[in-house]
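S.K.:
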DNA sequence: GTCCGGAATGAAAGCGCTTTCATGCAGACT
DNA sequence: AGTCTGCATGAAAGCGCTTTCATTCCGGAC
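Protein chains in written order, with the working numbering: chain U, 1 to 346; chain Z, 1001 to 1346.
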């Protein structure tokens, strides 16, 4: 009357082979490369496998074949809709080819990123998806030494050396700033993500600066760096408004939607009208950005597509096919209700 | 002038052993069970390993030792803040013990859940974290056959047979309904998650029904099931309001915060004042619930804690220690601004 | 001085699979 | 007929590590 939970270590391939009346090698081939065996033997093996409830032993397979059929993804955090949907897309794309996703997050801590990447490599991942192009030297070393293909995402590599799928954060950010400039804004403030060790945040900030500089403007003294989250966005705006230079701006460019949403909430609380008193822009276009009223003007990034492409490219490379070093995904300015011309006078 | 990327298959344990001038077995022990070798040999081995940049081969280790030091988590979706933070917590707890998290999501599709769970089992996970207690028979079979310890989360198992860490969704949901009843509400509507194959959604709905029934009330005709997401919540409320019985309610109980937030947004668009015209409650207490104005009245679930505990329990069990079958995490009613007594007359 | 027990080490046997390599056996070709 | 080709199969050698099991080498008890 023992529970089924007591059952131990199920059938091995050798058992399947014996049951089917074929050799170990034939059984292996029948399951892995059906083209290599006769149809009837394949059927025999398959039936035997089904009857015994055979489950291949991943580690043994990995050891013998030198590929684990797993891909690792190393994310800053999974607690951000854009990474969540990219993850979903990667997993789906991989599953279709019999690969499994191994996920790791480092919470924006560079050292942790190296550690978790090493852990994945040790686990024998066949490929890696990383976010951004800016990483510790040790990370690059580890990846290179392991010799596994790697895709850098959400960015483009200016040196053209690494494989990446993404877009120019700088251009995109300049584009959104340009939109505000065209509306007539001249006094800008910026809520940026932490730029240290984060090329996306850095590039976005640079994009704003460039766009402003082209008009002889700047946002000096009205730039604050903070963690990418709703709560931090809110706190950051609060801090900004308490600065001497505070309040003296009509447009607030945010490093991502979370920050922008936080800023909107703070404005609502303070009675600052958006967009009448202050125009706000985001970056990413998460679901919430469209649902809120007013809708957030932001830059749409096809995050699922980024994940899907990265996974697909990895699979291609693992199959021995070449892919272009760089793959751009289209981003698009989405103008909604949080941006408008500045009030005539303040 | 070949890039470092060309370097192939690094040092093996045998190389380390040779370099250190010890046998393979000693090298293995020095790295895995330092207590079994003399201090100076341990140091020699460690030095050799460091010098050669030795990285253990996970698959080989797993094959020989029959444990992979990986834990699998199977989630409905990673695109929900509560699962995201639980995941973060699990990974962190595991990492501290040298374990790695293997993540899989099934997007609320029962068949996909079985498939991804099988994939994880095949990958040789040492343990499993599942969400909810309601799963396909095949899933239970696969898990039992594999004989790996498994923790069911976000729920309690009424049969007391499975290991779980969570809380009673039914009681919690009844509690929040009770709050509305005490405010004087008598006409209820419900936005529920899909109940098929989802015991959490089912229990929450049952909790509302029970609390209402205890007062001789019901919400019949004003219950709609939909997918747990902001957009769907919004659409669901819209649909509800178009029903014949529509609008004839003063309180809306939602299956989770995403649904509630969607409903709030729809209300704002339609000019339905919250809480004056309609009281709304959520479930989970995601970050956004507190930041919005008015703040969402909801039930706080310590999602990080759920993940952390599940991981900790798994590690305990893997170490051969016993843990209580069931572990409850505390949930708490958080009253914010979306609930108030119903308007005197409508 | 002999003997014993325990600690440290080494030798070797796998873990369950993939993958050469060799073999047998049709059918094709001369 | 005889040889060659190619396909389906089998035998066996690992993949890189852990883990018995056996061995050696001590110090201490007698």
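Heads up, the beta-carbon is just placed ideally off N, CA and C, and yes, glycines get one too. In this text the structure is predicted, and so the values were computed from the model without any measurement.
With the cut-off set at 7 Å, would you say residue 1172 of chain Z and residue 1299 of chain Z are in Cβ contact?
M.R.: A contact, by the Cβ cut-off of 7 Å.
S.K.: Per DSSP, which one or two residues make a beta bridge with residue 1334 of chain Z?
M.R.: Answer is Z/1298, bridged to residue 1334 of chain Z.
S.K.: Return the CA-CA distance between residue 1132 of chain Z and residue 1198 of chain Z, expressed in angstroms with no decimal places.
M.R.: Cα to Cα, residue 1132 of chain Z sits roughly 7 Å from residue 1198 of chain Z.
S.K.: Classify residue 279 of chain U as helix, strand or coil using the three-state DSSP reduction.
M.R.: Residue 279 of chain U falls in the strand class under three-state DSSP.
S.K.: Should residue 239 of chain U be labelled buried (16 or more other beta-carbon atoms within 10 Å of its own) or exposed?
M.R.: With fewer than 16 other Cβ atoms within 10 Å, it is exposed.
S.K.: What are the uninterrupted segments assigned as alpha helix (DSSP H) that are 4 or more residues long and contained completely in the segment 1072-1149 of chain Z, given in chain order?
M.R.: Segments of the alpha helix (DSSP H) lying fully in the segment 1072-1149 of chain Z: 1081-1095, 1110-1122 and 1137-1146.
S.K.: Below 6 Å CB to CB, which residues in the same chain sit around residue 316 of chain U once its five sequence neighbours on both sides are set aside?
M.R.: 323, listed in sequence order.
S.K.: What does DSSP give as the partner residue(s) for residue 223 of chain U in the beta ladder?
M.R.: In DSSP, residue 223 of chain U forms a bridge with U/190.
S.K.: Can at least three beta-carbon pairs, one atom from the segment 1047-1060 of chain Z and one from the segment 46-56 of chain U, be found at a separation below 8 Å?
M.R.: Output reads no: the segment 46-56 of chain U does not touch the segment 1047-1060 of chain Z.
S.K.: In this structure, what does DSSP give as the bridge partners for residue 1166 of chain Z?
M.R.: According to DSSP, which records beta bridges pairwise, residue 1166 of chain Z is partnered with Z/1328.
S.K.: How about residue 1284 of chain Z and residue 1090 of chain Z: do their beta carbons lie closer than 7 Å?
M.R.: For residue 1284 of chain Z and residue 1090 of chain Z, no; Cβs fall outside 7 Å.
S.K.: Can you round the beta-carbon distance between residue 226 of chain U and residue 191 of chain U to whole angstroms, since I take them to be within the 8 Å contact cut?
M.R.: Right, the Cβ-Cβ distance comes to about 7 Å (below 8 Å), so this counts as a contact.
S.K.: Using 10 angstroms around the beta-carbon of residue 995 of chain Z, count the other beta-carbons present and answer buried if the total reaches 16, otherwise exposed.
M.R.: Past the edges of chain Z, shown from 1001 to 1346, lies residue 995 of chain Z, and the structure says nothing about it.
S.K.: Report all residues from its chain with a CB closer than 6 Å to the CB of residue 1218 of chain Z; omit the five preceding and five following residues, and keep chain order.
M.R.: 1212.
S.K.: For residue 1307 of chain Z and residue 1123 of chain Z, I'd like the C-alpha separation in whole angstroms.
M.R.: Each residue's Cα considered, the two are about 21 Å apart.
S.K.: If the cut-off is 9 Å on Cβ atoms, which residues from the segment 1074-1085 of chain Z count as contacting chain U, listed in chain order?
M.R.: Within the segment 1074-1085 of chain Z, the qualifying residues are 1077, 1078, 1079, 1080, 1081, 1083, 1084 and 1085.
S.K.: In the DSSP assignment, find the alpha helix (DSSP H) that holds residue 343 of chain U and state where it starts and stops.
M.R.: Unbroken run through residue 343 of chain U: none, as it is neither H nor E.
S.K.: Measuring straight from C-alpha to C-alpha, what distance separates residue 1004 of chain Z and residue 1128 of chain Z?
M.R.: Unreliable positioning characterises residue 1004 of chain Z in this predicted model, as indicated by a pLDDT of 35, which lies under 50. The coordinate reading is nonetheless provided below. About 38 Å.
S.K.: Less than 6 Å between the CB of residue 1253 of chain Z and some heavy atom of the ligand SAM, yes or no?
M.R.: Looking at this structure, you won't find the ligand SAM or any other ligand, since it has none at all.
S.K.: Name the chain U residues whose beta carbon is nearer than 8 Å to that of residue 1124 of chain Z?
M.R.: Simply 57, 58 and 59.
S.K.: Listed from N- to C-terminal order along the chain, which residues in the segment 1212-1236 of chain Z have their beta-carbon within a distance smaller than 9 Å of any beta-carbon of chain U?
M.R.: Listed by position along the chain: 1229, 1230, 1231 and 1234.
S.K.: For residue 70 of chain U, which beta-bridge partners are listed by DSSP?
M.R.: Partner(s): U/100.
S.K.: Any Cβ of chain Z within less than 7 Å of the Cβ of residue 89 of chain U?
M.R.: Residue 89 of chain U does not count as touching chain Z.
S.K.: In chain Z, what lies closer than 7 Å to residue 268 of chain U by C-beta?
M.R.: Those are 1293, listed as they occur along chain Z.
S.K.: Please report the residue range of the alpha helix (DSSP H) in which residue 230 of chain U lies.
M.R.: Segment 230-242, the alpha helix (DSSP H) holding residue 230 of chain U.
S.K.: What are the partner residues of residue 251 of chain U, as DSSP defines its beta bridges?
M.R.: For residue 251 of chain U, which the question treats as bridged, DSSP gives the partners U/188 and U/279.
S.K.: So what's residue 257 of chain U in DSSP terms, helix, strand or just coil?
M.R.: Note: residue 257 of chain U maps to helix in three-state DSSP.
S.K.: With distances taken from CA atoms, which of Z/1018, Z/1229, Z/1254 and Z/1330 is nearest residue 1041 of chain Z?
M.R.: The shortest C-alpha separation from residue 1041 of chain Z is found at Z/1018.
S.K.: Name the DSSP beta bridge partners of residue 153 of chain U, please?
M.R.: According to DSSP, which records beta bridges pairwise, residue 153 of chain U is partnered with U/131 and U/165.
S.K.: Mark residue 64 of chain U as exposed unless 16 or more other C-beta atoms lie within 10 angstroms of its C-beta, in which case mark it buried.
M.R.: Under this definition residue 64 of chain U is an exposed residue.
S.K.: Starting from the C-beta of residue 1101 of chain Z, find all residues in its chain whose C-beta is less than 7 Å away, skip the five residues before and the five after it, and write them out in chain order.
M.R.: The answer, listed in chain order, is 1071, 1073, 1090, 1091 and 1094.
S.K.: For residue 1104 of chain Z, collect the residues of the same chain with a Cβ closer than 8 Å to its Cβ; drop the 5 residues on either side in sequence, then sort them by chain order.
M.R.: Closer than 8 Å at the Cβ level, and outside the excluded window around residue 1104 of chain Z, lie 1072, 1073, 1074, 1075, 1116, 1117, 1119 and 1120.
S.K.: Any idea what DSSP makes of residue 15 of chain U, helix, strand or coil?
M.R.: In this structure, residue 15 of chain U counts as helix in the three-state DSSP scheme.
S.K.: Can you name the residues that DSSP bridges to residue 218 of chain U?
M.R.: Looking at the DSSP assignment, residue 218 of chain U forms no beta bridge with any residue, so it has no partner.
S.K.: Work out the CA separation of residue 178 of chain U and residue 1060 of chain Z for me, nearest whole Å.
M.R.: Cα to Cα, the separation comes out at about 55 Å.
S.K.: Give the straight-line distance between the Cα atoms of residue 1303 of chain Z and residue 1312 of chain Z, rounded to the nearest whole angstrom.
M.R.: When rounded, the distance between both Cα atoms is 14 Å.
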